[in-house]
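*Asks:* Once you know that position 40 of the sequence shown is 544 in the working numbering, the rest is easy, because the numbers rise by one and skip nothing. Cβ atoms here follow ideal geometry from the backbone N, Cα and C, with glycine treated the same way. Note that this is a predicted model, so its numbers are computed, not measured. Structure provided below as structure tokens; questions to follow.
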Amino acid sequence: MTSVVQCADPYHLVGTGQYGYIAGAGGEFRFMPPRKRVAKNGTALKMIGAQVAILRKKKNLTQKALGHEVSLDGETVASIEQGRRPLMPDAAERMDLVLETGGLLAAAVAFLPAVDQIPVWAEAFIDLEREAVSMSSYENQVIPGLLQTAEYARAVFTNEIPALSQRKIDERVETRLERQAILYREDPPGLSYVIAEAALLDQLGGRDVYRAALRHLRSCADLHGISIQIMPLGRRTHAGLSGPFVLIETPDLQQLAYAETQRGSQLISDRNEVSILSRKYAMLRTQAFNPEETKGLLDRLLGER
């Protein structure tokens with residue numbers, strides 16, 4: 505609804521925040537109600553997705569057929585077209601060739617904001633995790649998801665605000681446990697973790713859940729291909745004060761990063777941003793206990809030394 509205000513200054517324009525007044529003839533000011541603000545990156549992903557859909561249809565290809573041509577499944581193509589998953593640079597280049605766009609999609613992806621907004625449940629990250637060659641993770645609040653027990657994961661999700669329904673908690677625990685299958689593959693990815701000692705002191709879920717979680721973490725420290733390091737309390741220098749993140753190397757050697765926030769998650773593809781996080785992780789590893797010292801700390805926390 506638009507309201508009208510009379511004013512003596514006929515061609516004046518004012519505005520504060522989302523609200524604005526637009527001058528009209530005869531000194532009228534028309535009050536324009538605030539428009540719903542849309543996340544910039546979310547809009548960018550939807551725009552690229554819409555372009556993919558238009559170009560695909562011009563070539564008379566189904567989502568499944570396009571996916572086959574660019575080494576993606578049809579569901580992934582659908583998610584890209586709906587703006588729910590980002591179009592990765594390598595996939596954009598393959599689509600440009602198949603759809604004969606002259607490089608349109610690769611250019612669009614290249615000029616996305618450096619940090620691309622992804623839905624809270626981060627479907628794209630889970631896909632990348634499943635196929636990753638290696639991952640390096642810094643966590644400062646909880647034991648990393650791939651190293652959690654079912655009971656510990658349940659305690660984490662039970663602490664969500666607003667509270668989750670029991671059904672949603674069950675679904676998230678199940679998804680988390682399914683993701684852990686990569687730890688036991690015949691060819692597991694190289695996994696490196698730096699975990700703040702503070703994350704090992706909170707007894708989420710109670711003492712029994714806590715001790716089982718520590719015992720599981722200690723067993724994971726002996727798994728092939730996993731390096732776990734604890735960042736001790738009381739340090740005078742610390743490279744991870746800005747929060748947790750994950751570095752990901754894909755099968756085609758693309759370097760990406762992923763970070764979760766209070767209200768969402770971010771997949772980062774900009775090389776400069778990934779480089780900064782890589783340097784932070786390298787510094788964190790020098791500041792943390794080495795893997796053998798970490799095993800000793802876990803043994804002491806479990807009372808086994």
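In whole angstroms, give me the CA-to-CA distance for Gln-766 and Ala-702.
*Replies:* Approximately 19 Å, taken between the alpha carbons.
*Asks:* So, using beta-carbon positions, are Thr-605 and Leu-565 closer together than 8 Å?
*Replies:* No, the pair does not count as a contact, with Cβ atoms beyond the cut-off.
*Asks:* Is the beta carbon of Ala-743 less than 8 Å from the beta carbon of Leu-751?
*Replies:* No, Cβ-Cβ distance for Ala-743 and Leu-751 is not below 8 Å.
*Asks:* Across which residues does DSSP place Ser-638 in a beta bridge pair?
*Replies:* Answer by DSSP bridge pairing, in chain order: Gly-694 and Glu-753.
*Asks:* Would you give the residue range spanned by the alpha helix (DSSP H) that Tyr-656 belongs to?
*Replies:* Note, Tyr-656: alpha helix (DSSP H), 654-662.
*Asks:* Between Glu-797 and Met-639, what straight-line distance do the alpha-carbon atoms span, to the nearest angstrom?
*Replies:* Their backbone Cα atoms lie some 21 Å apart in a straight line.
*Asks:* How many whole angstroms separate the CB atoms of Ile-732 and Cys-724, which I take to be in contact at a CB cut-off of 8 Å?
*Replies:* The Cβ separation is near 7 Å, so the contact holds.
*Asks:* Determine the DSSP secondary structure at Met-599, reduced to helix, strand or coil.
*Replies:* If DSSP states are grouped into helix, strand and coil, Met-599 belongs with the helices.
*Asks:* Along the alpha helix (DSSP H) that carries Asn-797, what are the first and last residues, could you check?
*Replies:* The sequence shown places Glu at residue 797, rather than the Asn named in the question. First-last of the alpha helix (DSSP H) with Glu-797: 795-805.
*Asks:* Is the beta carbon of Gln-645 closer than 8 Å to that of Ala-717?
*Replies:* Cβ distance not < 8 Å, so Ala-717 and Gln-645 don't count as in contact.
*Asks:* By the three-class DSSP mapping on this structure, what secondary structure does Ile-665 have?
*Replies:* Ile-665 falls in the coil class under three-state DSSP.
*Asks:* Measuring straight from C-alpha to C-alpha, what distance separates Gln-791 and Leu-801?
*Replies:* Approximately 15 Å, taken between the alpha carbons.
*Asks:* Could you tell me the distance, in whole angstroms, from the CA atom of Ser-773 to the CA atom of Glu-808?
*Replies:* Spanning the two alpha carbons is a distance of roughly 43 Å.
*Asks:* Would the region 573-593 and the region 546-556 be scored as touching if the rule is three or more Cβ pairs under 8 Å?
*Replies:* With the cut-off at 8 Å, the region 573-593 and the region 546-556 touch.
*Asks:* To the nearest whole angstrom, what separates the beta carbons of Gly-729 and Pro-693, a pair I think is in contact under 8 Å?
*Replies:* Right, the Cβ-Cβ distance comes to about 7 Å (below 8 Å), so this counts as a contact.
*Asks:* Quick one: using the 10 Å Cβ neighbour count with 16 as the cut-off for buried, is Asp-712 buried or exposed?
*Replies:* Exposed, since its Cβ has fewer than 16 Cβ neighbours within 10 Å.
*Asks:* What residue range does the alpha helix (DSSP H) around Ala-498 cover?
*Replies:* Residue 498 lies beyond the range of the chain shown here (505 to 809); nothing can be said about it.
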